[in-house]
Amino acid sequence: MKTIAKENVKELLRSWTKEYHVLAPTQTSRGDCVFDTFQKDSFTLEYGKPPLPPKSVFLPHNEVIFQVENDTFREVVTAQKTILFGIRSCDMMGLLQCASFMTRDREDIYYSAKKEGAMTVVMACPGPQNETCFCTTTLSGPVAQTGFDLLFYDMGDICIAEAGSRRGEKMLSSEFLVDMDDNAAREKIKAFKQKAVQSVPLVHDVNEAMKRLKDGSADEGVWDYFGRKCIICGGCTFVCPTCTCFNVYDHETAPGSGIRARAWDACLYGGFTREASGHNPRSTQASRLKRRHEHKFLYYNETDIQGSLSGCVGCGRCSDYCPVHIGALEVVKKIAAK
């Protein structure tokens, strides 16, 4: 095991920038925390739950996938060596689920190229970041179990660093990380995990809702209720660590030339499932909300990622940001109560 004084974390990240593009928690002028290119002056370790998950590192909001110039076709596959520092455990599970989806049946080369060259450093949560966190229920936190290269535990003045891969082992060789007795480190980590897990309340409604969705006993009126409330902003899908919906479009840049690109989309939008004939198999907002939450809590293949429970990682962002309170927490509670 290794430790690092928190005052030296900036120097550790700065040393990594010599070889990698380092993305880290960054304090914006508005007070938000986002993952952005490491800058010593704006980097922070005092952050809770970032408003946005890190999925955009591998699945950008907008991305050109190929270019055409007269008779010349060029595929655009971009990648660089990246270190993603400080992501939360729920977001690590989200990245694993996204990677599984994007490579399971037919590999998405654009996603895979970015993911292959990236390393992840998780910052374990000492407890819930706010009242909407329920990662213990979905088995995705507060301490990551798999997928990471390094896992940091914040112990106050120091962080304990644990490797989760061979690449992570190499990262521990930095001069800023010093040896710690393994037994002492394990005792501290054990106490950290116990306290963290006990502090995040279990939401038993999740398991009850999943059971009712599976056996078909969920009240259909739930979807009509939320369908009437939904303002179709799509915000829940954009802040969700596991939503991967995108649209593909062509754009002419000059006569005989153009690009094909993809951009984030949302299954809650009416046009998402509308066919060329005009027919829409999910023509109501209630049916679209039902499909989205069934994808999270019913159709998700739990064997995709070892240890995961559902397609929801329990980050609570949808509940944080939905203007009309239709987050996963509200939905499962309504299903379980009916």
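Going letter by letter, the sequence shown gives residues 6 to 343 in the working numbering.
Note that the Cβ used here is the ideal one computed from N, Cα and C, for glycine as well.
Counting only residues of its own chain and dropping the five nearest sequence neighbours on each side, C95 has a CB closer than 7 Å to the CB of C140, S145, G146, P246, V318, G319, C320. The beta carbon of L303 sits closer than 8 Å to those of M215, L218, K219, all from its chain and outside the five residues before and after it, given in chain order. Under DSSP, G263 takes part in a beta bridge, and its partners are V73, E257. In the DSSP assignment, I163 falls within the beta strand (DSSP E) that extends over 163-168. Distance from the Cα of E299 is smallest, within the candidate group S288, T289, N285, S315, for S315. In the DSSP assignment, Q32 falls within the beta strand (DSSP E) that extends over 26-32. By the C-beta density criterion, L294 is buried, having at least 16 other C-beta atoms within 10 angstroms. One alpha carbon belongs to N212, the other to R191, and they sit about 32 Å apart. Judged by pairs of C-beta atoms under 8 Å, the segment 106-118 does not touch the segment 167-180, as fewer than three such pairs exist. For I340, the enclosing alpha helix (DSSP H) stretches over residues 333-342.
Here the segment 169-183 makes contact with the segment 147-161; the two share three or more CB pairs at distances below 8 Å. Restricted to the segment 157-242, the beta strand (DSSP E) segments that are unbroken, complete and at least 3 residues in length are 163-168, listed in chain order. Three or more beta-carbon pairs separated by less than 8 Å link the segment 98-113 to the segment 246-265, which places the two stretches in contact. Pairwise C-beta distances place the segment 263-271 in contact with the segment 52-71, as three or more of them are shorter than 8 Å.
K120 is positioned such that its CB atom lies no closer than 8 Å to that of Y25.
Following the DSSP letters along the chain, one finds K11 in no beta strand (DSSP E), marked with neither H nor E. In this structure, DSSP gives M6 a state outside helix and strand, which the three-state scheme calls coil.
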